[in-house]
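Enquirer: Numbering (my numbering), first residue to last: 98 to 466.
Next comes the structure, spelled out in structure tokens:
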């Protein structure tokens with residue numbers, strides 16, 4: 098029998114929300130949520146501008162959870178985390194009104210760029226500032242509750258979160274992937290890997306708040322599990338391959354992939370490359386190095402560590418030499434691939450091919466473009 102999702106819509110004033118938050122009734126970090134501090138200050142100020150002028154903002158989606166023993170109610174924030182945390186930040190003077198607040202007939206120039214505490218001080222002697230304070234506290238936030246009685250609750254919540262955030266550019270591909278697969282053993286392992294010192298060192302320039310490091314580690318997991326090079330232009334294919342792994346990889350195979358990755362990290366460390374000296378911490382170079390290390394690990398070429406390490410250091414030393422004329426063709430080719438579109442499949446393949454040929458005399462296997 099078909100089921101239809103039941104919608105329950107209500108509202109909360111900001112004053113009630115703040116009071117409930119002080120009682121710790123809100124969980125802002127269910128597993129599918131994005132990282133903190135995704136919104137910049139401009140976006141935060143713009144939201145407060147809208148609220149102070151009593152303009153509508155999008156609804157908040159909550160999953161209501163009732164403790165069966167105590168009867169206490171708590172709420173998981175399914176959608177609206179950035180809006181609610183911005184409101185809290187404004188109350189705590191961490192966000193200001195924009196400098197343009199008084200530029201239209203709904204604003205008040207004396208409040209331009211003001212913190213909440215400053216506006217409250219103004220309100221003691223300024224009737225208009227007092228009205229804005231009242232508008233803020235009494236502002237009605239539209240709230241929609243997730244139906245917790247529907248079958249397949251977790252799947253429904255994931256589905257709703259996914260749909261809410263696919264309508265625009267609010268979540269990137271990495272965040273959407275997390276929302277969909279956060280409870281799978283593969284994704285949980287990928288999140289563990291981001292804490293490994295090797296990834297901490299090599300991915301430190303990426304925006305972790307937008308899960309860019311998780312995105313790269315996901316690509317590495319796919320590379321280890323399938324041997325397939327996927328470019329940035331093939332995001333739908335990456336999602337397809339990842340979903341297939343989630344659905345088809347057995348626990349035994351996942352454990353093998355897991356052990357392989359830890360083994361490959363040891364290979365990378367044993368190659369004794371000065372990543373900082375050669376400026377190769379970034380994902381452009383790391384992807385090629387991972388491919389090479391996978392080959393060494395899977396072919397058990399441990400006896401060749403010294404020679405490969407020597408060739409690698411030579412390779413990157415020449416790459417970083419300025420005004421050198423007698424550059425080997427492989428290094429020339431590698432350098433070209435680092436100058437534009439570095440994450441495209443063809444560039445990655447050319448870079449891997451150059452590194453493999455120079456360091457091991459082994460060519461990249463041909464596969465279909």
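All residues carry an ideal CB built from backbone N, CA and C; glycine is no exception.
1. Do residue 211 and residue 194 have their CB atoms nearer than 7 Å?
2. From what residue to what residue does the alpha helix (DSSP H) around residue 181 run?
3. Between residue 452 and residue 335, what straight-line distance do the alpha-carbon atoms span, to the nearest angstrom?
4. Three Cβ pairs or more, each shorter than 8 Å: is that satisfied between the stretch 417 to 431 and the stretch 292 to 311?
5. For the beta strand (DSSP E) that contains residue 231, what are its first and last residues?
6. Where does residue 403 sit, in a helix, a strand or coil, going by DSSP?
7. Going by DSSP in three states, residue 295 sits in which element: helix, strand or coil?
8. When the Cα atoms are used, what is the spatial distance from residue 265 to residue 123?
9. Which complete alpha helix (DSSP H) runs does the stretch 377 to 455 hold, if anything under 4 residues is left out?
10. Assuming residue 299 contacts residue 179 under a Cβ cut-off of 8 Å, what Cβ separation, rounded to an integer in Å, is found between them?
11. Could you tell me the alpha carbon to alpha carbon distance between residue 338 and residue 352, rounded to whole angstroms?
12. Apart from the five residues on each side of it in sequence, which residues of its chain come closer than 6 Å, Cβ to Cβ, to residue 383?
13. Where does residue 356 fall in DSSP's three states?
14. Excluding the five sequence neighbours on either side, which residues of its own chain have a C-beta within less than 8 Å of the C-beta of residue 359, listed in chain order?
15. Quick one: any contact between the stretch 213 to 232 and the stretch 135 to 142, if contact means 3 or more CB pairs under 8 Å?
16. Put residue 63 into one of helix, strand or coil per three-state DSSP.
17. With residue 217 as the anchor, note down where its alpha helix (DSSP H) starts and where it stops.
18. The alpha helix (DSSP H) spanning residue 287 covers which residue range?
19. Mapping DSSP to helix, strand and coil, what is residue 333?
20. Could you tell me the boundaries of the alpha helix (DSSP H) in which residue 317 lies?
21. Tell me whether residue 505 is buried or exposed, calling it buried when 16 or more other Cβ atoms sit within 10 Å of its Cβ.
22. So, for residue 110: in the same chain, excluding its five sequence neighbours on each side, which residues have a beta-carbon less than 8 Å away from its beta-carbon?
23. Taking residue 201 as the reference, which of 162, 228, 149 has the closest Cα?
Expert: On the basis of the data shown:
1. Yes; because the gap between Cβ atoms is below 7 Å, this pair is in contact.
2. Looking at the DSSP string, the run of the alpha helix (DSSP H) that includes residue 181 is 178 to 188.
3. Put simply, the backbone Cα of residue 452 is about 24 Å away from that of residue 335.
4. As far as the Cβ criterion goes, the stretch 417 to 431 does not touch the stretch 292 to 311, which means the pair count is below three.
5. Element bounds for residue 231: not the beta strand (DSSP E) but the alpha helix (DSSP H), 224 to 235.
6. The answer is helix: DSSP assigns residue 403 an H, G or I state.
7. Here residue 295 sits in helix by DSSP.
8. Summary for residue 265: the model assigns pLDDT 45, below 50, so the residue's position carries little reliability; its value from the coordinates is reported in the next sentence. Linking residue 265 to residue 123 through their CA atoms gives a straight-line distance of about 25 Å.
9. Listed in chain order, the alpha helix (DSSP H) elements of length 4 or more contained wholly in the stretch 377 to 455 are 380 to 395, 402 to 417, 426 to 434.
10. Actually they do not touch by this definition, with Cβ atoms about 29 Å apart.
11. One C-alpha to the other measures close to 18 Å.
12. Answer for residue 383: 299, listed in chain order.
13. Here residue 356 sits in helix by DSSP.
14. No residues qualify anywhere along the chain.
15. No, they do not touch.
16. In this structure the chain extends from 98 to 466, so residue 63 is not present and cannot be described.
17. Residue 217 -> alpha helix (DSSP H) spans 213 to 220.
18. 282 to 290 is the span of the alpha helix (DSSP H), which, as asked, contains residue 287.
19. In the structure shown, residue 333 sits in a helix (DSSP, three-state: H, G or I).
20. Unbroken alpha helix (DSSP H) run through residue 317: 309 to 323.
21. This structure does not reach residue 505, given that the chain is present from 98 up to 466, and the question cannot be answered.
22. By the criterion of a C-beta distance shorter than 8 Å, residue 110 is surrounded in its chain by 234, 235, 236, 237, 238, once the five residues flanking it on both sides are discounted.
23. Of the candidates 162, 228, 149, the residue whose Cα lies closest to the Cα of residue 201 is 149.
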